[in-house]
Amino acid sequence: MERRNFLLSAAAGGFASSPQAITVRGPLAASALGLTLAHEHLFSNFGEPPEEPGKYDEAALLAAVVPYAKSIRSLGCATIVDGTAAWFGRQPRLLRRISELTGLNILSNTGYYGAAKDQYIPPQAQQESAQQIAARWLDEFRNGIGGTGIRPGFLKLGVDPGPLSPIDRKLITAAAITHRQSGLAIAVHTGESGESAREQLAVLQSEGVSAKAWIWIHANKVTDLAALKAAAEAGAWISLDGLDNETIPRHLELAQQLKAWGRLRQVLLSHDGNSFRAGGKRPMRPYSALFTHFLPMLQNAGFAQEEIRWLTVDNPSTAYSLGNAAIR
Ligand SMILES: [Zn+2]
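Using my numbering, the letters of the sequence shown correspond one by one to residues 1 to 328.
Written out as structure tokens, the structure reads:
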């Protein structure tokens, strides 16, 4: 199904009038996502050898993650977008269990993580074409991940810094093909690399995919402000997702800069936190600073309630809607 057909079926399915997000417990009206952390990890095995699906001491994981996730829920969080990708710990069945136990909406993902020097890209992806890779991701979108019936809510990719390597370029092309047929948002670990951001947007454009479907993950690390401005002007989502007590001043500066450019409607906020790192072997990275420190700081800096609502509710709801590029 190509883009035109997707749009027709999206309209028939009601996405055009009532955009949907796909959570680990099933589709939900995107407008019901509420206050959303746009990039966290409930758990991961990042740093460990690649494995899919992720294997964990499940009792230890639930004992660590569930009380913490409940505490985040009680701070006002309604939805968490989980960025743990295939081969470094994705485990949708556990995400669904955590969602049931905490009441949080959780989005999982499909895609391959090509950052960290390609160690989490499955070997067959080196040989396969972009179309073959996209077919695997579309199968997860349509039929669920690994026999669980749980469908991904977005595409999560990663690329190494600098110019796109051939494999990273192929992954972005595969993401464009997948997006055209599914409407899944394309969230890419891009970090500081303005050069990579420019190249990715060029690939998407050549594939007929709008920059509005693309999310610049870890854009808070950027040093090339011209690249950030260009991506924002093209319509991309800018994910300032490294909030912690030390990085808060930089996040505020960037939010103010994006506001000055008139691009606040494209900004997402999060911590890149992790409540069970490396299978519990490393200390957790909290994801509470938004609530305890950053939102009060935004208010003190003169951000209006409406603007704070964009950043925490309306923007993530649109960014992670199916077919977000078609509805904006
Ligand atoms: Zn992350």
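Think of the CB as a built atom: it goes at the ideal place given N, C-alpha and C, for glycine as much as any other residue.
* Report yes or no: do three or more beta-carbon pairs, one from the region 42-60 and one from the region 80-91, lie closer than 8 Å? => yes
* Just the C-alpha distance for VAL24 and ARG97, rounded to the nearest angstrom, thanks. => 9 Å
* Asked: CA-CA distance, SER206 and ALA174?
  -> 13 Å
* Considering only residues of the same chain and omitting the five flanking positions on each side of GLY14, which have a CB-CB separation below 6 Å? -> Its pLDDT being 43, under 50, GLY14 is placed unreliably in this model, and the coordinates cannot settle the point.
* Near LEU228, which residues of its chain fall below 6 Å by C-beta distance, leaving aside the five closest residues on each side in sequence? -> VAL222
* Asked: Between HIS293 and ligand 1, is the CB less than 7 Å from at least one heavy atom?
  -> no
* With 16 as the cutoff for other CB atoms within 10 Å, does ASN338 come out buried or exposed? -> Past the boundaries of the shown model lies residue 338; the chain is included only from 1 to 328, so the question cannot be answered.
* At a cut-off of 7 Å, is ASP272 close to ligand 2 when judged by its beta-carbon and the heavy atoms of the ligand? -> Ligand 2 is absent from the structure shown, which contains only ligand 1.
* According to DSSP, what are the bridge partners of LEU107? -> VAL81
* Excluding five sequence neighbours on each side, which residues of the same chain lie with their C-beta closer than 6 Å to the C-beta of PHE276? -> PHE43, LEU61, ALA64 and VAL65
* Would you be able to state if there are at least three C-beta pairs under 8 Å between the region 179-192 and the region 150-167? => yes
* Asked: Taking the alpha-carbon positions, what's the ARG4 to LEU264 distance?
  -> Unreliable placement is indicated for ARG4, whose pLDDT of 45 sits below 50; no coordinate value is reported for it.
* Please classify ASN334: is it buried, with 16 or more other beta-carbons within 10 angstroms of its beta-carbon, or exposed? => Since the first residue of the chain shown is 1 and the last is 328, residue 334 is not available in this structure.
* Asked: Relative to ligand 1, is the shortest distance from any of its heavy atoms to the C-beta of HIS41 smaller than 7 Å?
  -> yes
* Asked: If we ignore side chains and look at the alpha-carbon of each, how far apart do GLY279 and GLY83 end up?
  -> 15 Å
* Closest by C-alpha distance to HIS218, when choosing among ALA115, LEU107 and LEU75 -> ALA115
* To do: For ILE186, name the three-state secondary structure that DSSP assigns.
  => strand
* Through-space distance from ILE238 to ALA232, alpha-carbon basis -> 7 Å
* alpha helix (DSSP H) containing LYS55: first to last residue? -> First-last for LYS55: undefined, no H or E at that position.
* Asked: So what does DSSP say about THR247, is it helix, strand or coil?
  -> coil
* **For ALA134 and GLU2, the rounded distance between their alpha carbons** => Note that GLU2 has pLDDT 46, beneath the 50 cutoff, so the model's placement of it is unreliable and the number below is only indicative. Near 13 Å, if we compare the C-alpha coordinates of ALA134 and GLU2.
* Considering only C-alpha positions, which residue in the set ALA234, ALA202, ARG93 and ILE248 is nearest to ASN220? -> ILE248
* Asked: Touch check for the region 117-130 and the region 98-106: three-plus C-beta pairs under 8 Å?
  -> no
* Please state if the CB of ALA289 and the CB of ASP241 are separated by a distance shorter than 8 Å. => no
* Does the separation of the CB atoms of MET284 and LEU252 fall below 8 Å? -> no
* Extent of the continuous beta strand (DSSP E) to which ALA29 belongs -> 26-29
* **Which listed residue (LEU155, PHE303, ILE167 and TRP137) has its alpha carbon closest to that of PRO123** => ILE167
* LEU7 to ASN324, Cα distance in whole Å? -> Bear in mind that the predicted position of LEU7 carries a pLDDT of just 46, short of 50, making it unreliable; the figure below should be weighed with that in mind. Rounded to the nearest angstrom, the two C-alpha atoms are 11 Å apart.
* Taking the beta strand (DSSP E) that GLU128 falls in, what are its first and last residues? -> Looking at the DSSP string, GLU128 is not in any beta strand (DSSP E), and its letter there is neither H nor E.
* Beta-carbon proximity list for ASP57, same chain, < 8 Å, skipping 5 on both sides -> GLY279 and GLY280
* Span of the beta strand (DSSP E), counted from its first residue to its last, around VAL203 -> Element bounds for VAL203: not the beta strand (DSSP E) but the alpha helix (DSSP H), 194-206.
* **Classification of GLN20 by the beta-carbon crowding that lies within 10 angstroms, buried from 16 upward** => buried
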